[in-house]
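Report on the following structure.
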Amino acid sequence: MESEKNNIKKIKKTRVVGLILVFAAAVLGLLIYYLWTKGAFIPSYATWHNQEDTYAIGDETVEFSLEKKTLKILDNKTKELIYETPDEWKVSDYFYFDIDHDDENEVVMVVWKQGSFGEHKPFWHEGKDNKWTQHIFIYDWDITRDNRLKAIWMSSGLGIKASEIFTDEKDRLHLIDDKGEETVWQWISWGLTLMEVIPAE
Ligand SMILES: [Ca+2]
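Using our numbering, read the sequence shown as starting at 1122 and increasing by one per residue.
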């Protein structure tokens, strides 16, 4: 009788421990998922910049502020927020220069986001498109828009592990990957074209 009671106690205890473990695993899973959506597992080769610049564009003077992976554009006088990148985007760097050689500067952002293709997942791509990938987004400055930015070129996932990106005097983009290999990209007729590969030293 006593041993039967003990057995029942043991079974109950095992059930409680089992439930606690299931609960803990669920909480851990939710925590990992939450951190994942916040970009906590973006690869460590990503280099995050904080930067502020002021530009006179047309009749406006605006402030660009990149901080905590968010790019904001503000009216320099009133400090009114003109544009802010969505929370789902993590901005590692940005540039304001004439990438397409039309004598007007573009806003170029280096963005980490979940999903390589956004709304335009190609039909041949199977499975979920929710990995964190690195993108280059290019915008014209458009005074007729409240947020001033008109998207002209949005890359899908780069496929290069770009650790650093910089511009040169020919308005080209240089990408340095996690192994030190450098690629040079130039706007030719539409979009960026690979011009040169400089191997790592
Ligand atoms: Ca331009």
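Each residue gets a CB set at the ideal place from its N, CA and C atoms; glycine is no exception.
Would you kindly check if the distance between the Cβ of residue j and the Cβ of residue i is under 8 angstroms?
i: Ser1284; j: Ile1257; result: no
i: Lys1193; j: Glu1209; result: no
i: Tyr1260; j: Val1228; result: yes
i: Ile1163; j: Trp1253; result: yes
i: Leu1279; j: Gln1255; result: yes
i: His1295; j: Glu1303; result: yes
i: Arg1269; j: Tyr1204; result: yes
Taking Cβ positions only, does residue i come closer than 8 angstroms to chain D?
i: Met1230; result: In the structure shown, chain D cannot be found, because there is only a single protein chain.
Is residue i near ligand 1, going by C-beta to nearest heavy atom under 7 angstroms?
i: Glu1285; result: no
i: Asp1263; result: no
i: Glu1290; result: no
i: Ile1309; result: no
i: Ile1178; result: no
i: Asp1223; result: yes
i: Ile1257; result: no
i: Asn1171; result: no
i: Asn1197; result: no
i: Asn1268; result: no
i: Glu1227; result: yes
i: Asp1174; result: no
i: Asp1214; result: no
i: Asp1299; result: no
Taking the straight line between their C-alpha atoms, what separation do you get for residue i and residue j?
i: Trp1262; j: Phe1216; result: 13 angstroms
i: Lys1126; j: Lys1133; result: 11 angstroms
i: Thr1191; j: Met1230; result: 11 angstroms
i: Val1212; j: Lys1189; result: 8 angstroms
i: Asp1298; j: Asp1224; result: 30 angstroms
i: Ile1273; j: Ala1321; result: 32 angstroms
i: Leu1151; j: Asp1289; result: 44 angstroms
i: Ile1327; j: Ala1167; result: Look at the range of the chain in this structure, 1122 to 1322, and you will see that residue 1327 is not part of it.
i: Arg1293; j: Ser1237; result: 23 angstroms
i: Gly1139; j: Asn1128; result: 16 angstroms
i: Ile1264; j: Ile1286; result: 28 angstroms
i: Gln1172; j: Phe1144; result: 43 angstroms
i: Asp1214; j: Arg1136; result: 51 angstroms
i: Leu1313; j: Leu1156; result: 33 angstroms
Look up residue i in the DSSP assignment and say whether it is helix, strand or coil.
i: Lys1252; result: coil
i: Ser1277; result: coil
i: Trp1262; result: strand
i: Thr1288; result: strand
i: Trp1341; result: Nothing can be reported for residue 1341, as the shown portion of the chain is limited to 1122 through 1322.
i: Ser1124; result: helix
i: Trp1157; result: helix
i: Phe1218; result: strand
i: Lys1271; result: strand
Can at least three beta-carbon pairs, one atom from the region 1171–1184 and one from the region 1195–1207, be found at a separation below 8 angstroms?
-> yes
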